[in-house]
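Here the structure is laid out as structure tokens; the discussion comes afterwards.
Residue numbers (the working numbering), protein chains in the order written: chain A, 1 to 388; chain B, 389 to 776.
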């Protein structure tokens, strides 16, 4: 097992009606900025519940944080916080809103060009001066409610970039599984596939000796396979909803990646498909993931076979057959989850996609991706072409 | 799934040679008390490594914290901290030393009789005034390095009592799996069985709908079964050591108990056997656990059968047969781990044990234990008698 540090100080508050605890969780006398997205919180009752719970606090609101949150939008919130002397931010939304708030939190006291936070990957270590924030999750999938990372897009240049560091953990996250009741089926499908792929990125590498992490990863995969198809049909079933939401958090709160290699190339390539064609993030993962396993078959087949045996209960004759079948099972699962696993089913005029993705990687100086850094640009081209 | 709060701010630092990070982890300019146990840290090199890493800090030492740490001993450290104006405590040892330091941390600023912390179960919530502390783990098993609970014995009255609260999490824990190389086989055996039973207390209850927690618990059990018999023979095998130590932490750092019922009656009864006969803690668990499952068979059989199927790969015909066989497999495993699973194999003159245990429970006003509170004192008597 590789050496690791596990530090996750988020106060994660899970269950029905937990939003009532907000008044104890937000620091007394804080002036609070409520940050949100497109306004669904006004329809699903969350805005009302939050406002009620924060009665007595001075509150300012900032709406309009878009999916794949834009640097340009977030900077308006930064300006507002500076002008209004806000002490605390409450992110009310899904991963995009929470990611956006992480950037806002970091940027308020940053000296210099805030775009450098993203472009120069400034790390916000514990103790860095940031605006503290909590979250009320309304759309599970990204795990952002219990980690310190974020993805932000600079719209002007269509750069999708990351930021993070221990100072950017939420102080608390309120996670009420009943919020999924009001979500469109498409978003629920996306959530399951996104969480599933988060696990795969940290698991589907090569055999190693961190036995428990493998089993934890397999536990999340098995649970998502078990509940995924049903929860999108019956989101008001609390058993299904609570397991789904909890899996999504555990998929990306840092635990399963400790001491093990991880890949993330599916995400890197997928981000480009979102940037080029605005394909939903999760749907890009469903397109790229299986083709990446096919192209990288020789170096991933042992782990694919383990995955096939333990997660899909396969018992084919050889490593190769189990690995092959495991990929098929994964595609089948994505189809059941409503994914269309070809780029051409999700976008038009796609003929130069592979070249464009490779070009964008080259511009960033990326020569190879993956847990062995053996997913070269030639392999990337092959993976994307296989995905047409 | 039950509502829950997951909060665990320990900076958990795992791996080889991590003790070098001490100087960054201990607050700058702190006056540090190094607390330890019987002195094994002078033989295994840990004292030297810690002292070297803390070069430049003002350090005071306090040794002699015994297994099942005594209130009376710990109060001497409390006195020392008050006299010497210590800012930070470093617990260097196993669960007893760390548990002892949690009590010391809480007692220094406690107004009134410090024994009340234990007898009145004073909760030290986040923000309570305590002396901050870190740990360097030298003996895995209890999980104390990553939780906020502790068990302390008042020697004068032989009361084994608990304390805890969010203020009593270690600031950091340094966990180097190579420390187990110098441990006697008996302690390694104890460690595996202790960790195993910690999981069972939080898992072996009744079927519920927290699917992921069940799978996480089963993951730890399977890993301990896989590595347990080998790690006690080959503690210098880093693969075995690292998986064992990580399992022991995950067994009791709070994660697997979130949202689910838990039992803990095996521990409650076991504590009395340690108090009466000084039987090693883990060995009392190996004695009591399986007999508790037998006596409570009717209410635990569904979960026993699930455990049998998923952890032991059983495929008997009925719930009852799988459950029965699962208990047998557990006893077999404990025997392989060097446990003697009868009280009479561990102590002498034991004929009135059951009555004595029941009497001690009655004195504390305990009428029933377990996840359904259906382990009555009659059942406790039966469990202990079955264990003779």
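In this text, a Cβ means the ideal position worked out from N, Cα and C, and glycines have one as well. A quick note: this is a predicted structure, and the numbers were derived from the prediction, not measured.
Quick check: what's the CA-CA separation for residue 335 of chain A versus residue 758 of chain B?
The straight-line gap from Cα to Cα measures roughly 44 Å.
Nearest residue (CA-CA) to residue 440 of chain B, options B/455, B/456, B/422 and B/567
Answer by Cα proximity: B/422.
Quick one: residues in its chain with C-beta nearer than 8 Å to the C-beta of residue 462 of chain B, no 5 flanking neighbours on either side, listed in chain order?
Excluding positions up to five away in sequence, the list reads 453, 488, 491, 492, 495 and 540.
For a contact defined as C-beta to C-beta under 8 Å, what are the partners of residue 5 of chain A on chain B?
Identification of chain B residues near residue 5 of chain A by a Cβ-Cβ cut-off of 8 Å yields 399, 400, 401 and 402, ordered along the chain.
Does any residue of chain B bring its CB to less than 8 Å from the CB of residue 180 of chain A?
For residue 180 of chain A, the answer is no, since every Cβ of chain B falls outside 8 Å of its Cβ.
Can at least three beta-carbon pairs, one atom from the segment 584-604 of chain B and one from the segment 359-368 of chain A, be found at a separation below 8 Å?
Not touching, per the Cβ criterion.
Using the C-alpha atoms, what's the distance from residue 273 of chain A back to residue 159 of chain A?
Separation of residue 159 of chain A and residue 273 of chain A (C-alpha to C-alpha, rounded to the nearest whole angstrom) is 12 Å.
Identify each residue in the segment 207-220 of chain A for which the Cβ-Cβ distance to at least one residue of chain B is less than 7 Å, and report them in chain order.
Here the close residues are 209, 211, 212, 215, 216, 219 and 220.
Which residue spans inside the segment 61-93 of chain A form an unbroken beta strand (DSSP E) run of at least 3?
Those beta strand (DSSP E) runs which fall completely within the segment 61-93 of chain A and span 3+ residues do not exist here.
Between the segment 341-353 of chain A and the segment 308-318 of chain A, can you find at least three pairs of beta-carbon atoms closer than 8 Å?
Proximity of the segment 308-318 of chain A to the segment 341-353 of chain A falls short of the contact definition, fewer than three beta-carbon pairs being nearer than 8 Å.
For residue 530 of chain B and chain A, any beta-carbon pair shorter than 8 Å?
Residue-level contact check: residue 530 of chain B does not touch chain A, since none of the beta carbons of chain A fall below 8 Å from its beta carbon.
Which runs of the alpha helix (DSSP H) fall wholly inside the segment 171-207 of chain A and span at least 4 residues, in chain order?
Here the runs fully enclosed are 185-203.
Alpha-carbon to alpha-carbon, residue 37 of chain A and residue 93 of chain A:
Cα-Cα distance, rounded: 6 Å.
Quick check on the DSSP output: what are the complete beta strand (DSSP E) runs of length 3 or more inside the segment 93-179 of chain A, in order along the chain?
Along the segment 93-179 of chain A, the beta strand (DSSP E) occurs as fully enclosed runs of 3 or more residues at 133-139, 149-154, 159-164 and 172-175, listed in sequence order.
Can you pull the DSSP bridge partners for residue 13 of chain A?
Partner(s): A/174 and B/393.
Does DSSP put residue 350 of chain A in a helix, in a strand, or in coil?
Reduced to three states, the DSSP call for residue 350 of chain A is coil.
Between residue 667 of chain B and residue 771 of chain B, how many whole angstroms is the CB-CB distance? I'm expecting something under 8 Å.
Not confirmed; about 15 Å, so no contact.
If you check the beta carbons only, do residue 483 of chain B and residue 530 of chain B fall under 8 Å apart?
Yes, they are a contact pair.
For residue 215 of chain A, count neighbouring Cβ atoms within 10 angstroms of its own Cβ and tell me buried if that reaches 16, exposed if not.
With 16 or more Cβ atoms within 10 Å of its Cβ, residue 215 of chain A is classed as buried.
9 Å Cβ cut-off: residues of chain A touching residue 631 of chain B
Below the 9 Å Cβ cutoff, chain A contributes 1, 209, 210, 211 and 212 as neighbours of residue 631 of chain B, in chain order.
is_contact[residue 246 of chain A, chain B] using C-beta, thresh 8 Å
For residue 246 of chain A, the answer is yes, since a Cβ of chain B falls inside 8 Å of its Cβ.
Just checking my contact of residue 725 of chain B with residue 580 of chain B at CB under 8 Å: how many whole Å lie between their CB atoms?
With 8 Å as the limit, residue 725 of chain B and residue 580 of chain B qualify as a contact, their Cβ atoms being about 6 Å apart.
Would a check of beta-carbon distances place residue 727 of chain B closer than 8 Å to chain A?
False, the Cβ-Cβ gap to chain A never drops below 8 Å.
Taking the alpha helix (DSSP H) that residue 245 of chain A falls in, what are its first and last residues?
Where residue 245 of chain A is concerned, the enclosing alpha helix (DSSP H) stretches over 238-251.
Beta carbon proximity, residue 644 of chain B to chain A, threshold 8 Å
With 8 Å as the cut-off, residue 644 of chain B does not count as an interface residue toward chain A.
Simplified DSSP assignment, three categories, for residue 418 of chain B
DSSP, reduced to helix, strand and coil, places residue 418 of chain B outside both helices and strands of the structure shown, so it counts as coil.
Whole-angstrom Cβ separation of residue 301 of chain A and residue 265 of chain A, contact assumed at under 8 Å?
Their Cβ separation, rounded to whole angstroms, is 16 Å, which puts residue 301 of chain A and residue 265 of chain A out of contact at 8 Å.
Residue 185 of chain A: which of A/13, A/131, A/326 and A/229 sits nearest, CA to CA?
In terms of Cα proximity to residue 185 of chain A, the closest of A/13, A/131, A/326 and A/229 is A/229.
Across the segment 160-167 of chain A and the segment 115-128 of chain A, are there enough close Cβ pairs to call them in contact, namely three or more that are closer than 8 Å?
They touch, by the three-pair rule.
Below 9 Å on C-beta distance, what does residue 614 of chain B contact in chain A?
Within chain A, the residues whose beta carbon sits less than 9 Å from that of residue 614 of chain B are 211, listed in sequence order.
Cutoff 7 Å; reference residue 314 of chain A; Cβ partners in own chain excluding five residues on either side
Answer for residue 314 of chain A: 308, 322, 325 and 326, listed in chain order.
What does residue 676 of chain B touch in chain A if you count any residue whose Cβ is under 7 Å from its own?
Here the premise fails: no neighbours, minimum Cβ distance about 26 Å.
List, in order along the chain, the chain A residues whose C-beta lies closer than 8 Å to that of residue 610 of chain B?
Residue 610 of chain B reaches chain A at 215, counting residues in chain order whose Cβ is nearer than 8 Å.
Assign residue 671 of chain B to buried or exposed, taking buried as 16 or more other Cβ atoms, counted over all protein chains shown, within 10 Å of its Cβ.
In summary, residue 671 of chain B is buried, with 16 or more beta-carbon neighbours lying within 10 Å of its beta-carbon over all protein chains present.
Since residue 397 of chain A meets chain B, which of its residues come closer than 9 Å, beta carbon to beta carbon?
As shown, chain A starts at 1 and ends at 388. That puts residue 397 of chain A outside it, with no answer to give.
Backbone CA spacing between residue 728 of chain B and residue 429 of chain B [nearest angstrom]
So the two alpha carbons sit approximately 29 Å from each other.
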